[in-house]
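Encoded as structure tokens, the structure appears first; notes follow it.
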Amino acid sequence: MSGVDWIDLWNYVWSNQEELIHMVWQHLTLVILATGVATFGGVSLGILITRPSFQCLRQPVMVPCNVGQVVPSLAILSLMMPLLGIGFRPAFFAILIYILLPITRNTYVGIREVDPAAIEAARGMGMSGWQILTRLELPLAGHVILAGIRTSMVIAVGVATLATFIGAGGLGDLIDMGLSLMNPTYLYTGAILAALLAIGIEIGLSRVERHIVPKGLSEQNRV
Amino acid sequence: MSWIDFITSNADTLLNLVWEHLHIVGVSLLASLVIGITIGLFISRHDRIAAVVLSILGVIMTIPSLAMFALMIPFLGIGLEPAWMALTLYALLPIVQNTYVAVKNVDESTIEAGQGMGMTDLQIMMRVQLPLALPVIIAGVRTAVILMIGIAAIAAYIGAGGLGEYILWGMYQLHDEKIIAGALTVSILAISCDLLMSGMERALVPKGIRERR
Amino acid sequence: MIVMENVTKVYHGNVQAVKAVSFTIPDGEVCILIGPSGCGKTTLLKMINRLIEPTRGRILIDGQDISQMNPQELRRNIGYAIQEIGLFPHLTVEGNIGIVPSLKKYPKSRIRQRVEELLVLVGLDPAEFRDKYPNQLSGGQRQRVGVARALGADPPILLMDEPFGAIDPITRTRLQDEFLKIQQKLKKTIAFVTHDMDEALKMGDRIALLKEGELVQCDTPQELLAHPINDFVRDFIGADSAIKRLALISVDEIMETGVLTVGLKDTIGDLGRVVEGASQTSVAVVDENGLPRGWLDLSVDRSEDLRIADVIRIRDTEEIAVNGSMRVRDALSKMLNTGLSRLVVIDDQKQLKGEITFFTCQQILKDSKEHL
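Protein chains in written order, with this note's numbering: chain A, 1 to 223; chain B, 1001 to 1213; chain C, 2001 to 2372.
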């Protein structure tokens, strides 16, 4: 394949804006929907297993969480095909399953790292379980949970590029087209857009994260 | 179940693919270890450079793997070379980061004690800092290996071979057994490497600092 | 008033952490729960605010069985301070102290005012500390905030679990002294867990000594030292019970008053007027501000007309004086450290009000020995 002709690439992007926006949108829809559902599920699950009365669920949830992070994303995506066929649905579920784990894990770890003495003091002062969760545990674990969501979203962008293999569209289509037609313009447009999307999400969310670290926890604050 | 039959009757091919897979990962691992540990040790002495290096590696890490392969094709073509290159790049972050953190976290007073006994900088690094940092570095290597096994599967797409070949062919041909065989084998490969490495990690922790429970 | 009736806690069906303990903490008193580790003192404390539920027996607060109360409501009316403090790291000092008042839905302005009062009470400047975060405070300051937080909604009862346990000895002594002062003002009903007998004797109006879940003896500190009911109690108090007794008595209680004084600027000739008809062998010397600066031996040759300042060794007041509120034990150790056989006693304005001698301390030690 010949090198990249940047003028060609620019012309292509300029004249195909609408189509590209549509592809980015398709990609983002997959990422956002999966992350949204995974956040809801993962945070709830993470909270659930930190409740003393559901301690018995901790192992059954955390062990698959740890093992699941080791399984290659392509393996999970491909296994959706025999189960759910091709298209948006299997891609969505593959991403959902894959990123549910880090979100659950971070929620669990974030809450577990809250000082037990603070929780005991809270109980001793007469705070209800709900008050302890919303006033103490979640504010303190919030940035850890968001870090999990950020990692998950970046992973989701990556897995969504692979979704082209099971016909779910997105920017992977462009890369695939570029490779099969040996066209560096398509190849690069797809790759650069996908990379920018991931980097943008990473940078944007880490900004938010830094913002929500409770003041009393930040190091610069220490005397 | 039909896929079990499929696996048993294609065991030889699968085993070959496993070797191919490990080969891709092995070469990249070697490269990333040499480069990563060197960079890690270097930046542990230069804090300003450290922040820059780590954030660049962090950005590389976020690039979707398919996009990374695509970006390399115009320069390196298809096949093993772009796969090695991409895998090495991805593995750098965990290895560099863990080396850096591990060396940084060695207690100041331990180093001072070494200096007090008349050790040279090199001796301090080889005899004090590295042994104490080793478990953390190995943990970074473990993360890197797992990451590479996963990404190597995608490298089949640019003709690097390995277990990804089976998965991708299976998806093109709508051949469920092939998909399952490939996906299961690569998952088992990743999980067993993870277990192996975590065992190694535990064994390498110096006896004196093992957690007593 | 807190009444324990046959309170028993059994874990896992057979481990008895607390065995049929009964005693009463009268209003406004500090009751110390003490004993070796594993004696059940913390379990007992946590049953008072229902962090742990008793297996058998009941606990009454002002005649009301607490098992019939809503536990959260109950806890909001009982202050709780623990060794690990457990400040909320994401809240400022103000946020931490205001937690219980805000749980009780006090209006904002009242919470603010309350926080200010409490900070002043525990000796922290509100302007400086109100907006700080826990990680900006020293250990002693955190513990002060912890105590202030326990007092947040002005609960009549306080539970304290080794609140000064993790603090360096000097700060601990200071916090104990300050806490006693606060308690004199507030008159809370307090259950206080410790494993340190010196702290118990110092802080307690009453000490409940526990062993393996059983209440061994519950008495005032004086009674406990004078009449330990068995060898366990005697061992737990330690061999130096006589000296510990000195820690229960303040210098004020045993000092000799009516000490004669002369001024530094006076002359020997002035002495005659002061000591006329007195039996003392020495007089205290004070400077122009009334601060004690030394002693003058009356066997001095009175024929020469020297200034007193020229014939005595002038010392710093700090060196030769103790405050009347100080414990006799501390005064004794000061004598031993300085090699002086007596010290002058001063008030908060550093004005002389009496004298304490080694001989008096010795007499008390002797008396207490006869008790034992």
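Ideal placement from N, C-alpha and C gives every residue a C-beta, glycine not left out.
query: Within its chain, find whatever has a CB closer than 6 Å to the CB of residue 1099(B); leave out the 5 residues flanking it on each side and keep chain order.; result: 1037, 1040 and 1137
query: 8 Å is my cut-off, CB to CB: does residue 223(A) come that close to chain C?; result: Low local confidence applies: a pLDDT of 44 at residue 223(A) is under 50, so the model's placement there is unreliable, with the coordinate-based value given in what follows. Answer yes: the Cβ-Cβ gap between residue 223(A) and chain C drops below 8 Å somewhere.
query: What is the DSSP secondary structure of residue 223(A), reduced to helix, strand or coil?; result: Unreliable positioning characterises residue 223(A) in this predicted model, as indicated by a pLDDT of 44, which lies under 50. A coordinate reading is not provided.
query: State buried or exposed for residue 2179(C), treating a residue as buried only when at least 16 other CB atoms are found within 10 Å of its CB.; result: buried
query: Which word fits residue 212(A), buried or exposed, when buried means at least 16 other C-beta atoms lie within 10 angstroms of its C-beta?; result: exposed
query: Is any beta-carbon of chain A found at less than 8 Å from that of residue 2090(C)?; result: yes
query: What span of residues does the alpha helix (DSSP H) with residue 80(A) cover, start to end?; result: 73 to 84
query: Who are the near neighbours of residue 2249(C) in its chain, counting only those whose CB is closer than 6 Å to its CB and skipping five residues on each side?; result: 2328
query: Smallest Cα separation from residue 2282(C): which of 2298(C), 2136(C), 2051(C) and 2349(C)?; result: 2298(C)
query: Per DSSP, what kind of secondary structure is residue 2088(C) in: helix, strand or coil?; result: coil
query: In the DSSP assignment, the beta strand (DSSP E) including residue 2214(C) goes from what residue to what residue?; result: 2214 to 2219
query: Could you compute how far the alpha carbon of residue 168(A) sits from the alpha carbon of residue 1021(B)?; result: 27 Å
query: Between residue 34(A) and residue 95(A), which are expected to be in contact by the criterion C-beta below 8 Å, what is the C-beta distance as a whole number of angstroms?; result: 4 Å
query: Alpha carbon to alpha carbon, how far is residue 2083(C) from residue 2164(C)?; result: 6 Å
query: The alpha helix (DSSP H) with residue 65(A) in it runs from where to where?; result: 58 to 68
query: For the region 1004 to 1011 of chain B against the region 1054 to 1068 of chain B, do three or more pairs of beta-carbon atoms, one drawn from each stretch, fall closer than 8 Å, so that the two count as touching?; result: no
query: At a Cβ cut of 9 Å, what residues of the region 69 to 102 of chain A count as close to chain B, listed as they run along the chain?; result: 69, 70, 71, 72, 73, 74, 75, 76, 77, 78, 79, 81, 82 and 86
query: Taking just the CA atoms, how far does residue 2357(C) sit from residue 2341(C)?; result: 6 Å
query: Keeping to the same chain, check which residues put their C-beta closer than 6 Å to that of residue 2381(C); ignore five residues upstream and five downstream.; result: Because chain C in this structure spans residues 2001 to 2372, residue 2381(C) falls outside the shown range and cannot be described.
query: Quick check on residue 140(A) - is its C-beta less than 8 Å from some C-beta in chain C?; result: yes
query: In terms of DSSP beta bridges, what is residue 2295(C) paired with?; result: 2284(C)
query: Of the residues that make up the region 2084 to 2115 of chain C, which ones have a beta carbon closer than 8 Å to any beta carbon in chain A?; result: 2084, 2085, 2086, 2087, 2088, 2089, 2090, 2091, 2092, 2099, 2100 and 2103
query: Taking 8 Å as the threshold, find out whether the region 157 to 164 of chain A comes into contact with the region 70 to 82 of chain A through three or more Cβ pairs.; result: yes
query: Looking only at DSSP bridge pairs, what is residue 2192(C) linked to?; result: 2032(C) and 2160(C)
query: Out of 1168(B), 1120(B), 1069(B) and 1014(B), point me to the one whose CA is closest to residue 188(A)'s CA.; result: 1069(B)
query: Assign residue 2372(C) to one of three DSSP states: helix, strand, or coil.; result: Confidence at residue 2372(C) is low in this model, with a pLDDT of 46, below 50, so the placement of that residue is unreliable and no value is reported for it.
query: Taking a cut of 7 Å between CB atoms, which residues from the region 2045 to 2056 of chain C lie near chain A?; result: 2049 and 2051
query: Strictly under 8 Å for the Cβ-Cβ distance: is residue 9(A) near chain B by that measure?; result: no
query: Suppose the cutoff is 7 Å on Cβ atoms and the five residues either side in sequence are ignored; what does the same chain contact list for residue 1212(B) look like?; result: Confidence at residue 1212(B) is low in this model, with a pLDDT of 45, below 50, so the placement of that residue should be treated as unreliable; the coordinate-derived value is given next. Cβ within range, chain order: n/a, list empty.
query: Below 6 Å CB to CB, which residues in the same chain sit around residue 27(A) once its five sequence neighbours on both sides are set aside?; result: 160, 170 and 171
query: Could you give the distance in angstroms between the alpha-carbon of residue 2236(C) and the alpha-carbon of residue 2225(C)?; result: 10 Å
query: Have a look at the DSSP bridge pairing and note the partners of residue 2346(C).; result: 2323(C) and 2352(C)
query: Count the other CB atoms, across all protein chains shown, that sit within 10 Å of the CB of residue 49(A); report buried if there are 16 or more and exposed otherwise.; result: buried
query: For my contact list, residue 2312(C) and residue 2291(C) are in at a C-beta cut-off of 8 Å; report their separation, rounded to the angstrom.; result: Contact flag wrong, Cβ pair sits at about 14 Å.
query: Could you work out which residues of chain B lie near residue 161(A), taking near to mean beta carbons separated by less than 7 Å?; result: 1064, 1066 and 1067
query: Evaluate the contact criterion for the region 2067 to 2079 of chain C versus the region 139 to 149 of chain A: three or more CB pairs, one atom per stretch, below 8 Å.; result: no
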